[in-house]
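Per the working numbering, the sequence shown starts with residue 4, numbered consecutively.
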Amino acid sequence: MQDEHAVILRARQGDPEAFAALVRKYEEAAFRAAYLIVRDEAEAQDVAQEAFVRAYRSLGRLDASQPFRPWLLRIVTNLALNSRRGSRRRDAMTERYKRDIGQDSGTRSPEAAAEAGEYAQRVWQAVGALRPRDQTLLYLRYFLDASEEETAAAIGRPVGTVKSRLHRALRRLRGVIEERYPDLAPSSGAQPEVRTEA
Numbered sequence: 004m005q006d007e008h009a010v011i012l013r014a015r016q017g018d019p020e021a022f023a024a025l026v027r028k029y030e031e032a033a034f035r036a037a038y039l040i041v042r043d044e045a046e047a048q049d050v051a052q053e054a055f056v057r058a059y060r061s062l063g064r065l066d067a068s069q070p071f072r073p074w075l076l077r078i079v080t081n082l083a084l085n086s087r088r089g090s091r092r093r094d095a096m097t098e099r100y101k102r103d104i105g106q107d108s109g110t111r112s113p114e115a116a117a118e119a120g121e122y123a124q125r126v127w128q129a130v131g132a133l134r135p136r137d138q139t140l141l142y143l144r145y146f147l148d149a150s151e152e153e154t155a156a157a158i159g160r161p162v163g164t165v166k167s168r169l170h171r172a173l174r175r176l177r178g179v180i181e182e183r184y185p186d187l188a189p190s191s192g193a194q195p196e197v198r199t200e201a
């Protein structure tokens with residue numbers, strides 16, 4: 004995509020092709036961010052689509068010199084959290100995730116895939132025991148691989164606040180792992196490894 008600043012300016016002037024270029028570039032990131040929070044594919048698609056609709060309507064409020072991705076992720080995160088709070092399908096989502104996590108690309112042995120799937124499922128369960136604010140930080144930073152700056156922009160807080168909250172969230176996650184999943188805990192006093200492969 005050409006210079007993002009120029010594309011944003013064109014989209015703000017009503018150029019549909021410019022906004023379509025932004026959608027194409029960031030639709031996967033929007034879906035992944037939503038899915039990590041709502042844990043349901045159809046719901047995540049709805050959230051991502053709504054996020055782009057809201058982003059389009061709010062383009063005038065975006066500083067065109069700022070990157071689009073963190074601003075979009077903030078919209079996605081807020082919508083996904085609202086959707087999750089109102090959802091009555093959490094048990095069904097968990098069951099779907101358990102089924103999905105067992106799928107393998109064929110590059111690993113069935114035993115390795117099963118072990119990785121079980122590990123990832125238990126990490127999800129441990130993260131799921133945390134409060135929603137901690138979960139969101141961990142999803143953005145480690146599952147979605149957003150930088151600290153992008154995470155800060157996505158939740159609307161300073162980078163320093165993100166760093167301190169991430170530190171506390173990882174400490175709480177370590178506590179959950181040590182209490183409920185002791186075999187996942189590292190042998191040293193290091194922070195727990197947030198490994199997300201399925």
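Even for Gly, the Cβ is constructed at its ideal location relative to N, Cα and C.
Inter-residue Cα distance where the pair is residue i and residue j
| i | j | result |
| --- | --- | --- |
| Pro-19 | Glu-121 | 44 Å |
| Val-10 | Leu-173 | 38 Å |
| Leu-147 | Gln-16 | 31 Å |
| Leu-82 | Tyr-29 | 16 Å |
| Arg-27 | His-170 | 34 Å |
| Arg-168 | Leu-140 | 8 Å |
| Ser-61 | Glu-53 | 12 Å |
Three-state secondary structure (DSSP) of residue i
| i | result |
| --- | --- |
| Leu-25 | helix |
| Arg-175 | helix |
| Arg-72 | helix |
| Ala-67 | coil |
| Arg-15 | helix |
| Pro-185 | helix |
| Ser-167 | helix |
| Asp-137 | helix |
| Asp-49 | helix |
Residue i burial status per 10 Å Cβ neighbour count (16 or more: buried)
| i | result |
| --- | --- |
| Glu-46 | buried |
| Ala-23 | exposed |
| Asp-43 | buried |
| Asp-137 | buried |
| Arg-77 | buried |
| Arg-144 | buried |
With a cut-off of 8 Å, do at least 3 Cβ pairs link the stretch 132-141 to the stretch 54-62? no
Are at least three pairs of beta-carbons, each pair with one atom in the stretch 146-160 and one in the stretch 68-77, less than 8 Å apart? yes
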